[in-house]
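Number of protein chains: 2
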Amino acid sequence: MPLPLSDRAHRFPASPIRKLYPLAEGARSRGVQVYHLNIGQPDLETPAPFLEVLHKFDRANVAYSPSQGEKVYLDALVEYYRQIGFQLETSQVQVTVGGSEAILFTFLAIASHGDEVLIPEPFYTNYQTLAMVAGLQVVPITTRPENNYRLPAAAEIEKRITNRTRAIMVCNPSNPTGTVLTRQELDLLAGLARERGLFLISDEVYREFVYGEGEAISALSLKGLEDRVVVVDSISKRYSACGARIGCMVSRNAEVMDCALRLAQARLSAPTLGQLGAAAMRDMGTRYFDATVEEYRKRRNIVHEELSSIPGVLTHLPVGAFYTMARLPVADAEDFARWLLTDFSLDGHTVMFARFYATAGLGNDEIRIAYVLKESDLRGAMACLRKGLERYRELKG
Amino acid sequence: MPLPLSDRAHRFPASPIRKLYPLAEGARSRGVQVYHLNIGQPDLETPAPFLEVLHKFDRANVAYSPSQGEKVYLDALVEYYRQIGFQLETSQVQVTVGGSEAILFTFLAIASHGDEVLIPEPFYTNYQTLAMVAGLQVVPITTRPENNYRLPAAAEIEKRITNRTRAIMVCNPSNPTGTVLTRQELDLLAGLARERGLFLISDEVYREFVYGEGEAISALSLKGLEDRVVVVDSISKRYSACGARIGCMVSRNAEVMDCALRLAQARLSAPTLGQLGAAAMRDMGTRYFDATVEEYRKRRNIVHEELSSIPGVLTHLPVGAFYTMARLPVADAEDFARWLLTDFSLDGHTVMFARFYATAGLGNDEIRIAYVLKESDLRGAMACLRKGLERYRELKG
Numbered sequence: 000m001p002l003p004l005s006d007r008a009h010r011f012p013a014s015p016i017r018k019l020y021p022l023a024e025g026a027r028s029r030g031v032q033v034y035h036l037n038i039g040q041p042d043l044e045t046p047a048p049f050l051e052v053l054h055k056f057d058r059a060n061v062a063y064s065p066s067q068g069e070k071v072y073l074d075a076l077v078e079y080y081r082q083i084g085f086q087l088e089t090s091q092v093q094v095t096v097g098g099s100e101a102i103l104f105t106f107l108a109i110a111s112h113g114d115e116v117l118i119p120e121p122f123y124t125n126y127q128t129l130a131m132v133a134g135l136q137v138v139p140i141t142t143r144p145e146n147n148y149r150l151p152a153a154a155e156i157e158k159r160i161t162n163r164t165r166a167i168m169v170c171n172p173s174n175p176t177g178t179v180l181t182r183q184e185l186d187l188l189a190g191l192a193r194e195r196g197l198f199l200i201s202d203e204v205y206r207e208f209v210y211g212e213g214e215a216i217s218a219l220s221l222k223g224l225e226d227r228v229v230v231v232d233s234i235s236k237r238y239s240a241c242g243a244r245i246g247c248m249v250s251r252n253a254e255v256m257d258c259a260l261r262l263a264q265a266r267l268s269a270p271t272l273g274q275l276g277a278a279a280m281r282d283m284g285t286r287y288f289d290a291t292v293e294e295y296r297k298r299r300n301i302v303h304e305e306l307s308s309i310p311g312v313l314t315h316l317p318v319g320a321f322y323t324m325a326r327l328p329v330a331d332a333e334d335f336a337r338w339l340l341t342d343f344s345l346d347g348h349t350v351m352f353a354r355f356y357a358t359a360g361l362g363n364d365e366i367r368i369a370y371v372l373k374e375s376d377l378r379g380a381m382a383c384l385r386k387g388l389e390r391y392r393e394l395k396g
Numbered sequence: 000m001p002l003p004l005s006d007r008a009h010r011f012p013a014s015p016i017r018k019l020y021p022l023a024e025g026a027r028s029r030g031v032q033v034y035h036l037n038i039g040q041p042d043l044e045t046p047a048p049f050l051e052v053l054h055k056f057d058r059a060n061v062a063y064s065p066s067q068g069e070k071v072y073l074d075a076l077v078e079y080y081r082q083i084g085f086q087l088e089t090s091q092v093q094v095t096v097g098g099s100e101a102i103l104f105t106f107l108a109i110a111s112h113g114d115e116v117l118i119p120e121p122f123y124t125n126y127q128t129l130a131m132v133a134g135l136q137v138v139p140i141t142t143r144p145e146n147n148y149r150l151p152a153a154a155e156i157e158k159r160i161t162n163r164t165r166a167i168m169v170c171n172p173s174n175p176t177g178t179v180l181t182r183q184e185l186d187l188l189a190g191l192a193r194e195r196g197l198f199l200i201s202d203e204v205y206r207e208f209v210y211g212e213g214e215a216i217s218a219l220s221l222k223g224l225e226d227r228v229v230v231v232d233s234i235s236k237r238y239s240a241c242g243a244r245i246g247c248m249v250s251r252n253a254e255v256m257d258c259a260l261r262l263a264q265a266r267l268s269a270p271t272l273g274q275l276g277a278a279a280m281r282d283m284g285t286r287y288f289d290a291t292v293e294e295y296r297k298r299r300n301i302v303h304e305e306l307s308s309i310p311g312v313l314t315h316l317p318v319g320a321f322y323t324m325a326r327l328p329v330a331d332a333e334d335f336a337r338w339l340l341t342d343f344s345l346d347g348h349t350v351m352f353a354r355f356y357a358t359a360g361l362g363n364d365e366i367r368i369a370y371v372l373k374e375s376d377l378r379g380a381m382a383c384l385r386k387g388l389e390r391y392r393e394l395k396g
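Chains as they are written, first to last, in numbering that gives the first Met the number 0: chain A, 0 to 396; chain B, 0 to 396.
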């Protein structure tokens, strides 16, 4: 009998974004093409300056970078934040291996084993696993589709705060709901952080992707909260460079950044090639985002229009990121998702998506859709969803 | 007053390999060149096939790889292990972000918060921080320079085993001592793992770097221990590609690998570029290692010869990896290391090294030397050490 693992080993959840991959492989092996709406992997091109760094790489050795980050990239990050309105010292920025590592470092810096972090639900499910790695308990603040996934009133949030609560964490614009926090909502969270002595962790990797009026408000702009805001950031979505694995964390709390640096030293270096590529995008300016956001706005409109016209589907108009939630007329959206991969095809295609909820029993009929594909593929994917729902409901009668 | 951090935030140690960097920067700003013997950053070239992958990269998008790893690289890893004598299934290999992540995943999979792991000391100090991240306690098994850093008798190790001990971890060939475990030592550890129900974690990133007779014996070769061996590996040193951040973990324990995959899903992907580069080295064969090992053997001989001739320095002949330990005729080797950076130069140069011990009071006079520089630089570094010691001892009386 194999040596048993630790208790926690069995509790780390499989990613709902990725756990159905074997079924997708099965579909492919039967000749069925799969539209991947399950993962935020954009099909847009990584900008040319990044790729040029690779093509022209002339160092003899792919060496470690300094643990905080390559100087040229740290400078580029400080310049990027200056352009969006924030004057930072280099010491207030730590380069990380994707946004994921920024989240882990933040959890480890601000909380002890057994502490709690409040997160509006549905949330990016890897938050849960990363919290478990750090020994933290995620306490969900449930938001509902009927209410467009807006935050509940302060009292609703406040009653979840205990003496172990160390932080409130938001994703703004939100993966998976596509909502963008209003000034009011952000002020509400800032007030709680101030009054109750909490950190506010703001995952802003989708910062530029806003399709409504105005902009996503960075938590870095909150006055008087400088010592308790930590921002998680990444180039993965901003520049369609997910595989570069380059993120960063930003805070004006010197102790947080000092701890992050010591954690960074323990893993030596973030990927050097990705940092050099990311640094090269410094002077691309905002035109790049104009075109990118326009493309995602078009996709959002297609998905919203299609979803709204499928009988029994409840959706809302997402205003940020590149995700939307949809409530389906099925009892178990995950069973439906599996069935689409194992038993369904339409003109040789099927569609894959993910389910996102931490609280058992909540959102069993809700899915997240990542609108990261070009128009024709998105329309094909929506046709699969529409037809798939029809057949599945006939079958399950 | 800033919001206080968690207790543990203050306990994560600064890396002894990297914490003196600000002093090295200070030396450079005074025009003093620093020989870096503090970090295992080889100056050898990254092999051409890796660099060609960058130069010819023609995908439109630097996309996520699958969480387990790029298929082409997983295949290359299975082939690499086949060449060194081990028949593995793809499911027994997990690509990681450097060896560091492999260590963290292993700790998280096999142990619970508060559990203990035995590690021969002096050990690679980042083991300590990674153990703290996973909530584990490192229990050192002290080895001594007088005894060439060999393992103590079984009884010495056994008396450190408690009901919280989950694993014995070794680095073989060893960073920092340069020792290579004998068959006897490995059998002793295997016996303990078998009898006491422990995992054996073997960090084998220096596997090819052996200068004595014979080879480093992989823990994968231990019969009847298949379910409790986890091997940590990396291309950083093997192919002088530290900044690629590509490592892997290998185990025939399916539950361990299943847990590792779930942890990998939570961080989505290892760096895609590094994996493609690493995969391209598949067909380089062993000639590459012959030349590399010959180069390091030469360097080892230079360092050993020089160290042996410095009055008061106690050293031993390291037979593997590219490190050696040296006991210096000073009370506080770290103070000496600082002084070399702040107050010393010889012909416009100085030298930097690191101190490695977890147990307070142990090894205060011992340093680790990484012989990762070419001959002329190594000789210059040794001259600085010799002259520096002379002056420092005059000063300190």
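Where is the CB? At the ideal position from N, CA and C, for every residue including glycine.
Inset, instruction - Give a yes or no on whether the C-beta atoms belonging to T314/A and A325/A are separated by under 8 Å. - result: yes
Inset, instruction - List the residues of chain A that N60/B touches, going by C-beta distances under 9 Å, in chain order. - result: Q40, P41, D42, L43, E44, T45, S239, A240, C241 and G242
Legend entry - Contacts around G311/A, its chain only, beta-carbon distance under 6 Å, and the 5 residues preceding and following it disregarded: P328
Inset, instruction - Find the nearest neighbour of G347/A within the set H9/A, V33/A and R237/A, judged by alpha-carbon distance. - result: V33/A
Legend entry - Separation of L191/A from T161/A, as counted between CA atoms: 12 Å
Legend entry - Cβ contact (3+ pairs, closer than 8 Å) linking the segment 264-277 of chain B and the segment 58-68 of chain B: yes
Legend entry - Cβ-Cβ distance between V228/A and L199/A below 8 Å: yes
Legend entry - A382/B in three-state terms, based on DSSP: helix
Inset, instruction - For chain A, find out if any of its Cβ atoms is closer than 8 Å to the Cβ of G213/B; answer yes or no. - result: no
Legend entry - Status (buried if at least 16 other CB within 10 Å, exposed otherwise) for T358/A: exposed
Legend entry - Where the alpha helix (DSSP H) through D186/A begins and ends: R182 to R195
Legend entry - Under the three-state DSSP convention, the category H9/A falls into: helix
Inset, instruction - Look up V231/A in the DSSP assignment and give the residues it is bridged to. - result: D202/A and M248/A
Inset, instruction - Grab the span of the beta strand (DSSP E) containing I368/A for me, first residue to last. - result: E365 to A369
Legend entry - Interface flag, C258/A vs chain B, CB-CB below 8 Å: yes
Legend entry - Status (buried if at least 16 other CB within 10 Å, exposed otherwise) for H54/B: exposed
Legend entry - Rounded straight-line distance, which links the Cα of L50/A to that of S14/A: 30 Å
Legend entry - Min CB distance H35/B to chain A below 8 Å: no
Inset, instruction - Please look up how many angstroms separate the CB atoms of S28/A and S268/A, rounded, as I've assumed it's under 8 Å. - result: That pair is no contact at about 38 Å.
Legend entry - Straight-line Cα distance separating R182/B from R261/A: 36 Å
Legend entry - For C170/B and D411/B, the rounded distance between their alpha carbons: Nothing about residue 411/B can be read from this structure; chain B reaches only from 0 to 396.
Inset, instruction - Could you confirm whether any beta carbon from chain A is found closer than 8 Å to the beta carbon of I160/B? - result: no
Inset, instruction - Measure the C-alpha to C-alpha separation of V61/B and V371/A and round it to an integer number of angstroms. - result: 15 Å
Legend entry - Inter-stretch contact at 8 Å, needing at least 3 Cβ pairs: the segment 243-263 of chain A / the segment 75-95 of chain B: no
Legend entry - Endpoints, the beta strand (DSSP E) within which P119/A is located: E115 to E120
Inset, instruction - Can you grab the Cα-Cα spacing for the pair L135/A / D114/A, in whole Å? - result: 5 Å
Legend entry - Contact check, F352/A vs G362/A, beta carbons under 8 Å: no
Inset, instruction - Count the other CB atoms, across all protein chains shown, that sit within 10 Å of the CB of N300/A; report buried if there are 16 or more and exposed otherwise. - result: exposed
Inset, instruction - Pull out every residue of the segment 224-235 of chain B whose Cβ sits closer than 9 Å to any Cβ of chain A, in chain order. - result: E225, D226, R227 and S235
Legend entry - Neighbour list for F11/A in chain B, Cβ cutoff strictly below 8 Å: L107, C258, R261, L262 and A265
Legend entry - Sequence-distant residues of its chain with Cβ nearer than 8 Å to L150/A (five each side left out): P119, I140, T142, I156, L180, E184, L187 and L188
Inset, instruction - Taking all protein chains shown into account, decide if L394/B is buried (16 or more other Cβ within 10 angstroms of its Cβ) or exposed. - result: exposed
Inset, instruction - With a threshold of 16 other CB atoms inside 10 Å of the CB of G379/B, please say whether the residue is buried or exposed. - result: buried
Legend entry - Closest Cα partner of P144/A within the set E365/A, K386/A, L384/A and S375/A: E365/A
Legend entry - Per DSSP, the bridge partner or partners of H112/B: According to DSSP, H112/B bridges with nothing at all.
Legend entry - At least three beta-carbon pairs within less than 8 Å, the segment 89-107 of chain A to the segment 244-254 of chain A: yes
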